[in-house]
Each structure stands twice: as structure tokens, then as C-alpha cells.
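Residue numbers (my numbering): 2 to 392.
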């Protein structure tokens with residue numbers, strides 16, 4: 002009994018210090034600190050994100066307080082079961098890693114292998130849509146058709162492929178630009194094409210980051226003989242994707258880098274808890290600016306008018322405005338902000354609905370009418386960034 006007493010006292014101090022650390026951590030993790038390390042999310046509104054963070058902070062602090070007040074009782078339990086608990090934790094982590102190694106984990110933005118429309122691996126881009134097929138997906142109670150030509154572009158139907166010889170407006174981005182949950186005619190590219198009576202080319206791909214968007218444009222633009230404009234999408238809520246390195250990505254200086262392999266538990270942990278270090282965020286800002294600038298320069302080098310469209314779903318807070326200014330304004334690029342009613346989204350899905358897509362398409366068409374000769378070759382606008390918010 003006398004031999005166990007010092008061990009019990011040590012355990013009691015350990016539990017109390019752990020509890021104190023949790024309390025301090027819950028208090029120290031202020032909203033400004035959280036905003037620096039947990040970036041805006043497209044999956045949920047800013048208000049919901051902050052609410053979840055607040056609940057987690059309170060839970061951590063209360064857990065710490067409970068450990069402090071119950072340190073003696075917890076120490077007694079820890080003293081008698083320490084080795085068994087530690088062994089169980091180590092074995093559980095090892096077993097989890099081994100089990101997850103049998104599963105082929107894909108990059109963060111490509112988890113569901115059977116999601117329609119189907120994707121396939123690409124050594125340089127990470128993934129692309131499977132070409133020359135028609136897919137169907139049910140969203141909001143209706144079934145939507147997604148048709149692709151042999152180049153992987155979304156088209157109205159498989160028998161209406163893209164013609165490389167026609168004057169064309171190229172659209173690049175991810176699921177918002179692609180038109181997830183929308184029919185072909187409801188999608189942003191199709192609506193712009195109808196407004197300007199010009200062939201629209203929808204080369205957007207689910208889950209793409211800004212650097213993947215640039216690499217896609219770089220690979221596809223040379224195929225078009227008469228490109229009028231290149232329209233790419235940027236959203237602050239999707240900025241976090243630009244920081245992922247579990248897929249082929251671009252580093253400073255637009256250097257192509259292969260996917261970085263991570264342990265399965267680390268990958269899963271990052272998915273659940275997307276913590277970002279200050280250094281990672283700063284690097285992401287710099288690279289994103291480079292990439293957007295490169296999209297603009299690439300379009301102009303092919304006599305096409307560049308335009309970055311920035312959908313703004315609901316009012317932005319200071320964090321989102323600050324991040325947007327750093328990326329967009331400091332890059333000196335031509336862009337247009339489109340204010341979207343936060344209620345204009347798909348049922349149980351935050352992707353824009355047909356009304357939002359129409360607002361985005363109208364803003365793009367208005368801007369391109371001023372900068373592009375839609376009946377012939379493009380007249381690239383040599384000016385820098387011009388911020389506007391269509392209403």
C-alpha cells in the first residue's frame with residue numbers, strides 16, 4: 002500500500018495538470034485564433050461553423066474542469082489501469098492504421114469512388130471525369146443527366162460534342178461551375194453560352210482546387226482554335242482545398258509537385274479536424290495568387306479574355322473579406338463578384354440552384370459583352386483588377 006501511494010499522488014497531479022491544460026486550451030482558443038487555423042467551409046455557413054467551434058471550446062473547458070475537480074477519483078482509476086489503458090490505445094491505433102492501409106484512400110476531395118458522375122485518376126491533374134459516357138444522379142427529388150463528350154467536357158447530349166474550330170468561351174472550376182445538381186441548360190456555362198449565342202465549354206471537374214483548375218486550362222486551351230474567353234471560378238469558402246497536398250499540386254513558382262503520402266490515420270484526422278498552420282495558410286495565399294495570375298496570363302497569351310468569377314453566397318464577415326482581398330486584389334487580376342441570396346441553393350445541399358446559376362451567368366455575360374467581341378476573336382482587356390458586385 003505504501004508503494005502505491007507515491008504513484009497515486011503522481012497520477013493525481015497528472016490528471017489535474019491535464020485538466021488545467023484543457024481549461025487553458027478552451028479559453029485560449031479564441032475566435033480570432035480559430036479563424037486563423039480553421040478556414041471558411043463551403044459545406045456549412047459561417048454562423049454554423051462558429052457555433053460548432055464555440056460548442057467544442059466549451060466542451061473542452063468543461064472536461065478540463067471536471068478532471069480538476071475529480072482528480073483524486075480519476076487518479077485512483079488511472080493508477081490501477083494505466084498500463085492496460087495505454088496498451089489498449091497503442092494496439093487500437095496500430096490496428097486502425099493496418100485496417101485503413103487495406104483501403105485505397107483517395108485525396109480529400111475524391112472520397113466517394115461510386116459518386117456520379119464518375120471520375121478516373123489522372124497522373125498530372127489528380128483526377129478527371131470519365132469521358133464519353135452519360136451519368137445520372139438524384140438530387141432534391143429529381144434525377145439529373147450529366148453527359149460527357151470524348152474529351153470529358155460536359156455537353157447537352159453525347160451526340161453534341163464540342164467543336165474546337167468554333168469560337169468558344171471556356172469555363173473552368175469545380176462543382177459550382179460544373180453545375181452539380183443542375184441540368185445542362187441550368188448550368189452557368191450553358192446559360193452564358195445562350196446569352197451570348199456562343200459555344201460554351203464546360204471543363205470544370207468536381208473537387209478541383211485553384212491550381213488544378215489552372216492545370217486543366219493549361220492542358221485544354223491549346224486545343225481551341227478560336228478561344229474568346231477563359232472564365233475560372235474562385236471562392237474563399239473553397240480556399241482550404243488549395244492547401245491540400247494529398248494530390249498532385251503546384252508549389253511556389255508554379256512548380257508541379259506529386260501527391261504527398263500520409264499515414265491513413267493522419268489523413269482521416271485531417272479530414273475530421275482540418276487544422277491549418279499559419280505557415281501553410283501564408284504559402285497557400287501566395288501560391289493561389291500566382292495561380293490566378295497564371296490563368297489570366299495564359300488566357301491572354303491565346304488572345305482570349307480572362308475573367309475570374311467570385312460567387313459570394315450571403316454576406317461575408319471580416320475574415321472572409323480579408324482573405325479575399327489578399328488573394329484577389331493583391332494579384333491584380335480582372336474579377337467580378339456576384340452576390341448570391343443564401344437561400345438560392347439545392348435542397349439539403351449548399352450548391353447554387355438554377356436561380357443562383359442564372360445570376361452568376363448574367364454577371365459573366367455582362368462583363369464579357371464589354372470586353373469581348375463575341376462574334377469573332379476576343380479582345381483581351383489589358384487592365385488590371387476591376388472589382389464590381391452585380392445586384
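We put the beta carbon where it would ideally sit given N, CA and C, even for glycine.
### Task
Compare the C-alpha of residue 338 against each of 29, 310 and 132 and name the closest.
For the purposes of this step, residue 338 is identified with residue 337 of the chain shown, where counting begins at 1. Checking every option, the nearest Cα to that of residue 338 belongs to 310.
### Query
Should the region 240-248 be regarded as contacting the region 149-163, the criterion being three or more beta carbon pairs within less than 8 Å?
The region 240-248 is not in contact with the region 149-163.
### Task
Just the C-alpha distance for residue 179 and residue 346, rounded to the nearest angstrom, thanks.
Looking up residue 179 in the chain shown gives position 178. Looking up residue 346 in the chain shown gives position 345. For residue 179 and residue 346, the distance between alpha carbons rounds to 15 Å.
### Task
Take the Cβ of residue 137 as the centre, count every other Cβ of all protein chains shown within 10 Å, and call the residue buried at 16 or more, exposed below.
Here residue 137 refers to the residue found at position 136 of the chain shown. The Cβ neighbour count for residue 137, taken over all protein chains shown within 10 Å, is under 16; the residue is labelled exposed.
### Task
Identify every residue that forms a DSSP beta bridge with residue 233.
Here the question's residue 233 lines up with position 232 in the chain shown. In the DSSP output, where bridge partners are listed per residue, residue 233 has 173 and 309.
### Message
Let me check one thing: in DSSP terms, what residues is residue 136 bridge-paired to?
### Response
Translated into positions along the chain shown, residue 136 becomes position 135. Per DSSP, 147.
### Task
Compute the distance between the beta-carbons of residue 297 and residue 307, then report whether it is under 8 Å.
Locating residue 297 in the chain shown gives position 296, where the first residue counts as 1. Locating residue 307 in the chain shown gives position 306, where the first residue counts as 1. Yes, the pair counts as a contact, with Cβ atoms nearer than the cut-off.
### Query
How about residue 141 and residue 182: are their beta carbons less than 8 Å apart?
Residue mapping note: residue 141 aligns to position 140 of the chain shown, counting from 1. Residue mapping note: residue 182 aligns to position 181 of the chain shown, counting from 1. For residue 141 and residue 182, yes; Cβs fall inside 8 Å.
### Query
How should residue 115 be labelled, buried or exposed, when 16 other C-beta atoms within 10 angstroms of its C-beta is the threshold for buried?
The residue you call residue 115 lines up with position 114 of the chain shown. The residue is exposed, with fewer than 16 neighbouring Cβ atoms inside 10 Å.
### Query
At a cut of 8 Å, does the region 227-238 reach the region 165-177 through at least three beta carbon pairs?
Yes: at least three Cβ pairs fall under 8 Å.
### Task
Using a threshold of 8 Å, state whether the C-beta atoms of residue 231 and residue 305 are closer than that.
Residue mapping note: residue 231 aligns to position 230 of the chain shown, counting from 1. Residue mapping note: residue 305 aligns to position 304 of the chain shown, counting from 1. Residue 231 is a Cβ neighbour of residue 305, given a cutoff of 8 Å.
### Query
Alpha carbon to alpha carbon, what distance is there between residue 129 and residue 149?
By 1-based counting over the chain shown, the position of residue 149 is 148. By 1-based counting over the chain shown, the position of residue 129 is 128. Distance between the alpha carbons of residue 149 and residue 129: 11 Å.
### Message
Which of the three DSSP states is assigned to residue 123 in this structure?
### Response
Here residue 123 refers to the residue found at position 122 of the chain shown. Residue 123 falls in the strand class under three-state DSSP.
#### Entry: Anticipated Cβ contact below 8 Å, residue 125 with residue 33, distance rounded
Start at 1 with the first residue of the chain shown, and residue 125 comes out as number 124. Start at 1 with the first residue of the chain shown, and residue 33 comes out as number 32. Their Cβ separation, rounded to whole angstroms, is 38 Å, which puts residue 125 and residue 33 out of contact at 8 Å.
### Message
Buried or exposed, going by whether 16 or more other CB atoms sit within 10 Å of the CB of residue 314?
### Response
Your numbering for residue 314 matches position 313 in the chain shown. Flag for residue 314 reads buried.
### Query
Taking Cβ to Cβ, would you say residue 328 is nearer than 8 Å to residue 289?
Position 327 of the chain shown holds residue 328. Position 288 of the chain shown holds residue 289. Yes; because the gap between Cβ atoms is below 8 Å, this pair is in contact.
### Task
Tell me, please, whether the CB atom of residue 171 is closer than 8 Å to any CB atom in chain C?
Protein chains in the displayed structure number just one, and chain C is not present.
### Query
Nearest-angstrom Cα distance between residue 135 and residue 185?
Taking the first residue of the chain shown as position 1, residue 135 is located at position 134. Taking the first residue of the chain shown as position 1, residue 185 is located at position 184. In this structure, the straight-line span from the alpha carbon of residue 135 to that of residue 185 is close to 12 Å.
### Closest Cα partner of residue 372 within the set 67, 336, 37 and 55
Along the chain shown, one-based indexing puts residue 372 at 371. The shortest Cα separation from residue 372 among 67, 336, 37 and 55 belongs to 336.
### Status (buried if at least 16 other CB within 10 Å, exposed otherwise) for residue 192
For this step, residue 192 is matched to residue 191 along the chain shown. With 16 or more Cβ atoms within 10 Å of its Cβ, residue 192 is classed as buried.
### 4 or more residues per run - each alpha helix (DSSP H) lying fully within the region 179-214
The region 179-214 contains these whole alpha helix (DSSP H) runs: 189-197.
### Task
Could you check if residue 224 is buried or exposed, using at least 16 other CB atoms within 10 Å of its CB as the buried criterion?
Within the chain shown, the letter at position 223 stands for residue 224. With fewer than 16 other Cβ atoms within 10 Å, it is exposed.
#### Entry: Buried versus exposed, by CB contacts within 10 Å (16 or more), residue 108
For the purposes of this step, residue 108 is taken as the residue at position 107 of the chain shown. Buried, since its Cβ has 16 or more Cβ neighbours within 10 Å.
### Pair within 8 Å by beta-carbon distance, residue 65 and residue 20
Here residue 65 is taken as the residue at index 64 of the chain shown, counted from 1. Here residue 20 is taken as the residue at index 19 of the chain shown, counted from 1. Yes.
### Query
Between residue 323 and residue 229, which are expected to be in contact by the criterion C-beta below 8 Å, what is the C-beta distance as a whole number of angstroms?
The residue given as residue 323 occupies position 322 in the chain shown. The residue given as residue 229 occupies position 228 in the chain shown. Rounded to the nearest angstrom, the Cβ distance from residue 323 to residue 229 is 34 Å, too far for a contact under 8 Å.
### Rounded separation between residue 368 and residue 41 - CA only
The sequence position of residue 368 within the chain shown is 367, counting from 1. The sequence position of residue 41 within the chain shown is 40, counting from 1. One alpha carbon belongs to residue 368, the other to residue 41, and they sit about 28 Å apart.
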